[in-house]
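Residue numbers (the numbering used here): 52 to 468.
Each remark here refers to the structure printed beneath this line.
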Ligand code: ZN
Ligand code: ZN
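Shown next as structure tokens:
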């Protein structure tokens with residue numbers, strides 16, 4: 052990696068972290084590696100680490116933003132709406148064949164800015180429906196999977212618009228390595244064991260409280276979120292079906308659970324721009340009644356937000372509640388990353404759309420009807436948006452009605468020591 056020659060040692064450690072801590076690949080498993088063409092040299096470090104860890108096979112799936120853009124611009128609508136089933140075959144089968152999934156992620160935040168959003172939405176809808184099995188394996192943690200970041204040219208230019216490209220990429224690489232707890236550590240894998248321990252202390256605390264609801268208060272936000280009976284808070288590493296611990300996101304600072312899909316009331320305002328399928332939505336608010344979005348406003352990206360909410364019925368309900376202190380390694384950078392993997396780890400967030408069935412007791416063995424009854428939202432989308440700030444207060448309400456301060460001024464209201 053010519054342009055990253057200052058980071059060679061750290062990139063090797065980062066690749067090892069992705070394999071050991073991210074997917075925690077076990078001997079004999081495969082690795083399905085989704086990676087931008089631009090990241091090929093880093094992807095090959097990851098590939099090497101995967102084989103060292105005993106991978107039976109590494110199957111790369113190279114992506115390119117411009118190729119994707121050309122499709123959205125020029126392909127006939129009919130082709131976007133009707134994707135042949137053979138295109139999904141490998142994805143749906145490989146997860147059943149003991150392949151773990153690693154995504155190297157660095158999309159151009161503005162890629163689809165000038166593309167008709169309904170064309171993008173039509174394609175995404177068909178695509179997501181096509182990979183139902185693949186998605187179920189990930190959402191139900193039947194297989195280990197993870198996402199790590201890579202500073203592509205377009206993304207780096209978006210975060211550092213005033214710098215020459217090389218410098219922008221180096222600066223973003225530096226931030227990614229710092230925030231992912233790679234730089235400054237001899238052994239990032241051991242560092243992540245400590246980090247996971249701390250997140251597990253927070254989830255243990257929250258799980259003991261068995262809150263019935265959370266009340267959010269900040270400027271432009273007055274929201275009550277019911278938590279379903281049997282909800283489970285997760286954070287840091289999580290076990291897959293067979294008990295193998297893996298970290299779905301690198302970085303991660305959040306602890307999260309699911310809301311009751313019909314138990315959200317009030318208004319919540321966004322605190323950061325949010326990128327939906329390559330289109331930026333900013334300064335927006337959503338008003339909920341009995342779980343459903345009944346009104347919304349957006350200063351930027353109104354159309355994109357409308358398309359998101361129209362994806363299906365579940366897209367108008369919440370599927371995730373995540374708590375992140377306002378002061379985190381991501382927010383300390385003072386940057387807006389225009390990338391959910393980073394921005395969501397700087398801020399309390401909520402997600403519209405599908406909930407993780409792992410967030411409710413017994414959820415992995417429930418059928419769709421049982422999940423629905425338990426209040427678990429279902430949708431073809433899962434879109435995180437940021438609502439945290441230095442002003443946000445959150446109270447938890449227990450079964451007996453007692454209120455517990457959870458967040459005060461954007462920080463945990465209790466100590467984990
Ligand atoms: Zn989240
Ligand atoms: Zn999410």
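For glycine and all other residues, C-beta sits at the position ideal for the given N, C-alpha and C.
Residue i: first and last residue of the uninterrupted beta strand (DSSP E) it sits in
i: residue 437; result: 433-437
i: residue 197; result: 196-200
i: residue 459; result: 454-459
i: residue 347; result: 343-351
i: residue 448; result: 444-448
i: residue 264; result: 264-269
i: residue 152; result: 150-156
i: residue 371; result: 369-374
i: residue 274; result: 272-277
i: residue 386; result: Neither: residue 386 is in no beta strand (DSSP E) and is coded neither H nor E.
i: residue 401; result: 400-404
Pairwise C-alpha distance: residue j and residue i
i: residue 285; j: residue 254; result: 6 Å
i: residue 172; j: residue 178; result: 10 Å
i: residue 117; j: residue 260; result: 48 Å
i: residue 90; j: residue 275; result: 42 Å
i: residue 362; j: residue 431; result: 7 Å
i: residue 163; j: residue 219; result: 21 Å
i: residue 166; j: residue 157; result: 19 Å
i: residue 272; j: residue 136; result: 43 Å
i: residue 328; j: residue 200; result: 17 Å
i: residue 419; j: residue 182; result: 17 Å
i: residue 264; j: residue 452; result: 10 Å
i: residue 207; j: residue 280; result: 43 Å
i: residue 82; j: residue 402; result: 28 Å
i: residue 506; j: residue 76; result: No answer is possible for residue 506: it lies beyond the span of the chain, which begins at 52 and ends at 468.
i: residue 175; j: residue 404; result: 14 Å
i: residue 435; j: residue 395; result: 7 Å
i: residue 301; j: residue 100; result: 17 Å
i: residue 360; j: residue 367; result: 5 Å
i: residue 213; j: residue 385; result: 16 Å
i: residue 407; j: residue 433; result: 9 Å
i: residue 249; j: residue 227; result: 21 Å
i: residue 233; j: residue 324; result: 27 Å
i: residue 304; j: residue 457; result: 16 Å
i: residue 239; j: residue 230; result: 11 Å
i: residue 185; j: residue 196; result: 11 Å
i: residue 338; j: residue 353; result: 15 Å
i: residue 205; j: residue 159; result: 5 Å
i: residue 287; j: residue 127; result: 42 Å
i: residue 241; j: residue 129; result: 50 Å
i: residue 69; j: residue 96; result: 10 Å
i: residue 342; j: residue 370; result: 10 Å
i: residue 247; j: residue 334; result: 33 Å
i: residue 109; j: residue 311; result: 39 Å
One or two residues paired with residue i in a DSSP bridge
i: residue 319; result: 337
i: residue 327; result: 330
i: residue 463; result: 458
i: residue 23; result: Residue numbering for the chain in the displayed model covers 52 to 468; residue 23 lies beyond these limits and cannot be assessed.
i: residue 282; result: 411
i: residue 85; result: 112, 154
i: residue 307; result: 285, 373
i: residue 296; result: 290
Delimiting residues of the alpha helix (DSSP H) encompassing residue i
i: residue 116; result: 116-125
i: residue 303; result: Careful: residue 303 lies outside any alpha helix (DSSP H) and carries neither H nor E.
i: residue 246; result: 239-260
i: residue 68; result: 59-68
i: residue 94; result: 91-103
i: residue 425; result: 419-425
i: residue 130; result: 128-132
i: residue 392; result: 391-394
i: residue 145; result: 137-145
Closer than 7 Å: residue i CB and nearest ligand 4 heavy atom
i: residue 205; result: Ligands displayed in this structure: ligand 1 and ligand 2; ligand 4 is not among them.
Inset, instruction - Kindly provide the ranges of any beta strand (DSSP E) runs that are 3 or more residues long and lie completely inside the segment 169-218, ordered along the chain. - result: 196-200
Legend entry - Check your reading: residues with Cβ closer than 5 Å to ligand 2 heavy atoms: 371, 402, 435
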